[in-house]
Every structure is written in C-alpha cells, then in structure tokens.
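**Q**
Number of protein chains: 2
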Amino acid sequence: MKGRRVKIAGMGKAIGGQKIYFGEQIRYRLMPEQSLLDLAEQAAEQALQAAGITITDIDILVCAMATPLQAIPCNAALVHERIAKGLDIPAMDINTTCTSFISAVDIFSVLVENWRYKRVLILSGDTASAALNPNQRESYELFSDGVAACVMVAAKEEESSAVLYSNQKTWSEGAHDTEIRGGCGLMPVFDMANNNREDYYFDMRGHRILKLCARKLPGFVEQCLQESGITREEIHLVVPHQASRALKIIMPKLGFTEGSYVDRVAQYGNLVSASVPFALCEAVETGRINRGDLILLMGTAAGLTVNFLLLRF
Amino acid sequence: MKGRRVKIAGMGKAIGGQKIYFGEQIRYRLMPEQSLLDLAEQAAEQALQAAGITITDIDILVCAMATPLQAIPCNAALVHERIAKGLDIPAMDINTTCTSFISAVDIFSVLVENWRYKRVLILSGDTASAALNPNQRESYELFSDGVAACVMVAAKEEESSAVLYSNQKTWSEGAHDTEIRGGCGLMPVFDMANNNREDYYFDMRGHRILKLCARKLPGFVEQCLQESGITREEIHLVVPHQASRALKIIMPKLGFTEGSYVDRVAQYGNLVSASVPFALCEAVETGRINRGDLILLMGTAAGLTVNFLLLRF
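Sequence order for the protein chains is A and B. Per the working numbering, the very first residue in the first sequence carries number -18; after that it's consecutive. Per the working numbering, the very first residue in the second sequence carries number -18; after that it's consecutive.
#1: Run through DSSP, which three-state label would residue 17(A) get?
#2: Assess, as a yes-or-no matter, whether the segment 72 to 82 of chain A is touched by the segment 271 to 283 of chain A under the definition of 3 or more beta carbon pairs within less than 8 Å.
#3: Does residue 79(A) come out as helix, strand or coil in the three-state DSSP assignment?
#4: For residue 230(A), count the other beta carbons within 10 Å of its own beta carbon; 16 or more makes it buried, fewer makes it exposed. Which is it?
#5: Can you give the Cα-Cα distance for residue 71(B) and residue 100(B), rounded to whole angstroms?
#6: Under the DSSP definition of a beta bridge, which residues are partnered with residue 289(A)?
#7: Locate the alpha helix (DSSP H) running through residue 229(B), then write down its first and last residues.
#8: Between residue 134(A) and chain E, is any beta-carbon pair separated by less than 8 Å?
#9: Along chain B, in chain order, which residues have C-beta atoms closer than 8 Å to that of residue 181(A)?
#10: Kindly list, in the order they appear in chain A, the residues whose Cβ is closer than 7 Å to that of residue 150(B).
#11: Excluding the 5 residues preceding and the 5 following residue 205(A) in the sequence, name in chain order all residues of the same chain whose CB lies nearer than 6 Å to its CB.
#12: Quick one: using the 10 Å Cβ neighbour count with 16 as the cut-off for buried, is residue 207(B) buried or exposed?
#13: Does DSSP classify residue 172(B) as helix, strand or coil?
#14: Helix, strand or coil for residue 99(B)? Go by DSSP, reduced to three states.
#15: Residues in its own chain within less than 8 Å of residue 213(A) by CB, not counting five upstream and five downstream?
#16: Should residue 221(A) go down as buried or exposed, given a rule of 16 or more other Cβ atoms within 10 Å for buried?
#17: Closest to residue 48(A) by C-alpha separation, out of 106(B), 165(B), -10(B) and 218(B), would be which residue?
#18: Since residue 57(B) contacts residue 44(B) with CB under 8 Å, what's their CB separation in whole angstroms?
#19: Who pairs with residue 160(A) in a beta bridge, going by DSSP?
#20: Smallest Cα separation from residue 194(A): which of 155(A), 180(A) and 91(A)?
#21: When the distance is taken between beta carbons, is residue 126(A) closer than 8 Å to residue -3(A)?
#22: With a cut-off of 8 Å on the beta carbons, I'd call residue -12(B) and residue 153(A) a contact; round off their distance for me.
#23: In chain A, which residues lie with their C-beta within 8 Å of the C-beta of residue 91(B)?
#24: Between the Cα of residue 87(A) and the Cα atoms of 116(A), 53(A) and 134(A), which residue gives the shortest distance?
#25: Quick check: residue 110(B) and residue 254(B), are their CB atoms within less than 8 Å of each other?
#26: Quick one: is residue 54(A) near chain B, going by C-beta distance under 8 Å?
#27: If I measure Cβ to Cβ from residue 23(B) and keep anything under 6 Å in the same chain, skipping five residues before and after, which residues do I get?
#28: Which first and last residues belong to the alpha helix (DSSP H) in which residue -10(A) is found?
#29: For residue 265(A) and residue 291(A), what's the separation of their Cα atoms in angstroms?
#30: Assign residue 188(B) to one of two classes, buried (16 or more other C-beta atoms within 10 Å of its C-beta) or exposed (fewer than that).
#31: What do you reckon, are the CB atoms on residue 53(A) and residue 53(B) nearer than 8 Å?
#32: Could you tell me which residues DSSP pairs with residue 53(A) in its beta bridges?
#33: Go ahead and label residue 37(A) buried or exposed: buried means 16 or more other beta carbons lie within 10 angstroms of its beta carbon, across all protein chains shown.
#34: What separation, rounded to the nearest whole angstrom, lies between the Cα atoms of residue 295(B) and residue 219(B)?
#35: Find the residues of chain B that neighbour residue 49(A), judging by a C-beta separation of less than 7 Å, and give them in chain order.
#36: Taking 8 Å as the CB-CB cut-off, is residue 17(B) touching chain A?
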C-alpha cells in the first residue's frame, strides 16, 4: 500500500506553566501572563528545528484548533503575526473540534501529495481554561492548556513515510453533548446575564458522549480496518484522543489492549485539539515511535466527529 | 489548461429577514426569531435542489464561515444537526475569515479531483449583527447577515468546468485591522467589564485596510495573472469580496473596469464569508454567469488574507 507519500518531518509541544493536581491527576493551565500564542510560538519553533527548516520554508500555516482565539480573524492569522510577520505565507484554520489535527493531516496529505502545498506547519491547541466551569467538576478537573506543532512535507522516494488510510465521520446526535453555547454567533456575548451565565461555560455531558461513542465507534473502527486491510496486530501504536479517564474503558472495547495505545490522561489530561499531536510528539521524543512504524491516529470530538488515520511514520 | 476537473453543480442563498436602509444602502439582518442555522438550511436546500441531488448524496459538509456560531463544537457540526441529523457525513470548518469560501473551493477542488471526497456541500455565512458596534458607524452600516451554499462535484469528461488556478497569501501586518478582540480564548467572555466592553464588538479600521490592500493587492494580482497565463480580457466576470463601497476605488486600481466585476455593496452590503458565494449565486441565477464562462473569484479578508481563484464555471 503506497498511500499519500507525506512525512511528519518534525514536531514540537508546549504546555501551560501552571501545574495543578486533582488527586493524582496532573493538569496544566496558562499562567496569568501567558497566552496560547506564547505556547504556539514555542511549539512551532521546536517543530521547525526538528524538521531542520525555518519558517520561510513553510508554504502554509494551518491552525487545527478547536476553539477561536478571537471571533475575527481566524487563529492562523494571529499565529502568523507571532511567527511569520512580514512573510506572505497563507494562513488557514481547519476545525473539527478535538480531532482537528487529524483532519488537517488527512486533508493536507492530499494537498502535499498533489503539490498544492509543499511544506505545511500545523498547530493545534486551545485555552481550555478560558471557559471551564468551576461548578462542573467532571470537566473542570479534566482539561489542560497546551499546543502541539507539526511540519508535514512530501516524503522522498526512498522513504516509507505515508498516510495509508483516512476516514472521518460526524454524527450530529452528539452536537450538544460537548459545547459552549454562549459567547459567539448563536448566543452573543452581550446577551449574557445572571440567569444564563452557565451557558457561557464549557458544558460536557460525559455519560451521554460515552454512550454515543460506545454505539458508533466499534462499527467505525471495524469498517476502517476492513477498508484499509490492516489488522490491529500490525499497528505499532495507537494514538487516541486523550478524551478522559474513560479511555481505559473504551479502548479495550475497540479491541485495543493496554499497552497498544497511548494513555497520558493522568499526566496531562485532555488537551482538546492538542491531545493527539501532543501525545504523538511525546511518543516520538521518547523513542516509543520510530521512522517506519505504523501508527493509528484516532480522534473523537464534539460533533460527534471521529477520525481514523493510518500513518507510516 | 486542464486544471482541477470540478464543477459547481448548484448554489443557493438566504438572507436575514429584516431589511434596513442607511440612505440608499440596503442591509439585511436576522429577525429576532431567526438564526443563521435557518438561513443555512434554506441555502443548502436550494443548492442541493439546483444540483439535482439530496443531502444523502453529499460526502462532506464544509462550513467555510468567518465567525463561530458557538466556540464548541465547530459550525459544520451544528449545521449537520440541522440538515443531516442521523447521517454520518463528516463535518468540517475551513476558516480564512471573509475569504473562507474561496479557500474551501481551492482545497476541496484538489480533494475532489483526487477522489478523497466526491460531492462537497460548502456553506458560508455569518451573523455579523451579533457583534456590530452602534458607535462605529462605518462598520455598523456596512454588514448584512446571510448564507450562501454550494455543491461541488467532479466534472464529467465532456464538461469544461474546472478550477484553473488558485493562490492564497496572508500578510499578518493586517491581523488587527479587522477584528473582534474579546469573547473567545485570548480575552474570555467572563473578563468583559464596563471599561473594556468595546473590545467585544467588531472593530474595523477601514482606512488602514485600504492602505494595506493598495500596497499588496496589485502585485498579487499581477503575479496570479502571470502564473495562470490568463489576461484580464479573457475573464468573463470578476466576483470580488464585497468589502465596502471602496470596491469602486480598489478594482480599477487592479485593472478591472466598471462592469467587469460584480458590485452589489449598495444592494446587500458586506455579507462577510457569504459575500463572494452570495454574489456568485446571484450572478448565476440572473444569467450573468453561464456554463463555460471564465470567472475570477477574488477574496480579501481580515488577516490580511487574499485569494485569487480562476474558475471555468
């Protein structure tokens, strides 16, 4: 299977400077003087350095983030200002909420393969702490603020790196299971009052999401494995969205045993759109993933949107 | 020139039900009981009908909108719930602010050409009225609320329809010339106070944008024409972003004389991300554009981001 001949040439990551413990669970939040743009700058620098290139070599800057930094302009324009000011690199956001990174890898692997763009810088990350509700313990104690960055380029003839298979689906029965109702177009910021303040916080119905995932994911995973012709045993490592501590319950139900997938929920929590690339970056840095390894990126996101992407690293 | 063999198979549009006059300038805003999702549903239905297909034929639902309906989930998941609930069509946002539609056509023309997706439904539109500042007359009197929809499919062997050339650039010197600073990640909704309330409104520095456009656009247009090998005379009609009444000043400076481009600013104002597809849809409906015509879609957006896309309709 040849696939789309692209390579992740370098990755980087940065996390909020404030370390918090909830029991044994560790979370990181932005410090008062920190902004997500600071983390984006750090992660991008690392990714470019790891890829052995500089920002001037990049053809497009993609923010694959779940939440807006501002309602206008798009996140990529604001990150561009930080790391590419004075250059004319196009800036674009791709958003499928928590699985935005995988969607961006999927889409831009086709664009790189077809020479629309040659070198892509993808950034994922969110300021979860900006909207966490202290009264909703389940979500308040779950999220961290962080950014991960990734440089994707065309693979050379002699390299095996490729996107071998990708699939994405959305079941909007889950559109309101994870949401922030207020603050944007549908419920403007100026409509906030004492009796609807809760609508402007992040709101998660964990039990409903779990039920919908349990109903939809097994069939989706089977379909993807069948279509790709890859067996679970051939996959070196699964990098799933670090959704919650329920990862340990969901993954075995999908046929992935302990040790076959990354679970860093206790160490970092849910990093929203940065979850998958952050875990991928860490696994590469610690030598758990090496060139040529077959990796499965598996995303679940508010929507409910899911991604399944097989990557020859 | 063969280009990417895709076709806009159908379009649709819908506009806010409240008609307002500022002198001779006509604007449309959502009525109190109306939501952008109502307009999205209408526009999508028209586009699907014009293309002779139904929602079940669509492979991916793309919201190419400038502003979020909610901070979570992405706009496409919310539109999916309206028009595709119960189906598993993937939902994704593409955002380059006001030029999101052209970016989406650019990207998805490559994806359709390469069979990643076969039939794409793209929706563009924003609730500009949710954040307009009554104290900033220039912007308060400029914008309308509306949605345009477009079905893109692979062109048949005998059809000439294609994307012949595309280019996008971002100059982030303009990142803060058009913006909404507050309400999202960088300046959370809960930080709004009496002394920073203005930061949560849309803020436009028209004069600065014009100056930056005047500096960047002529060279960009020349480069695109040269690279594409197309002359201004070969272009049947230019559909530019309906940015403001300054369109009449900018377009001649780019070598496009009156009548060679669409100018519907007086009739509709600036429809944000819907501007280009709304004007394109109207031009098709009124017979100003016909199959086989060479069309230039030209976007300018907060960022500053610009798009140049040559389309054989």
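Virtual Cβ for every residue (Gly too), placed ideally from N, Cα, C. No experiment lies behind these values; they were computed from the predicted model shown.
**A** According to the structure shown:
#1: If DSSP states are grouped into helix, strand and coil, residue 17(A) belongs with the helices.
#2: In short, these stretches touch, since the Cβ pair count reaches three.
#3: In the three-state reduction of the DSSP assignment, residue 79(A) falls in the strand class, which pools E and B.
#4: exposed
#5: 12 Å
#6: 148(A) and 279(A)
#7: 228 to 234
#8: Absent from the structure: chain E. Protein chains present are A and B.
#9: 170 and 171
#10: Neighbours of residue 150(B) on chain A, chain order: 69 and 71.
#11: Residues of the same chain with a CB within less than 6 Å of the CB of residue 205(A), apart from the 5 flanking positions on each side, are 148 and 289 in chain order.
#12: exposed
#13: DSSP, reduced to helix, strand and coil, places residue 172(B) within a helical segment of the structure shown.
#14: coil
#15: 206, 236, 237 and 241
#16: buried
#17: Considering only alpha carbons, the answer is 165(B).
#18: Correct: roughly 4 Å between the Cβ atoms.
#19: 184(A)
#20: 155(A)
#21: yes
#22: About 27 Å separates the two Cβ atoms, so there is no contact after all.
#23: 91, 92, 95 and 97
#24: When 116(A), 53(A) and 134(A) are compared, the shortest CA-CA separation from residue 87(A) is found for 134(A).
#25: Contact: no.
#26: yes
#27: Excluding sequence neighbours, residue 23(B) sits near -5.
#28: From DSSP, residue -10(A) is part of no alpha helix (DSSP H) but of the beta strand (DSSP E) over -13 to -4.
#29: 16 Å
#30: exposed
#31: no
#32: Per DSSP, the beta-bridge partners of residue 53(A) are 161(B).
#33: Answer is exposed; the Cβ neighbour count stays below 16.
#34: The first residue shown for chain B is -18 and the last is 294, placing residue 295(B) beyond what the model contains.
#35: 49, 52, 165 and 166
#36: yes
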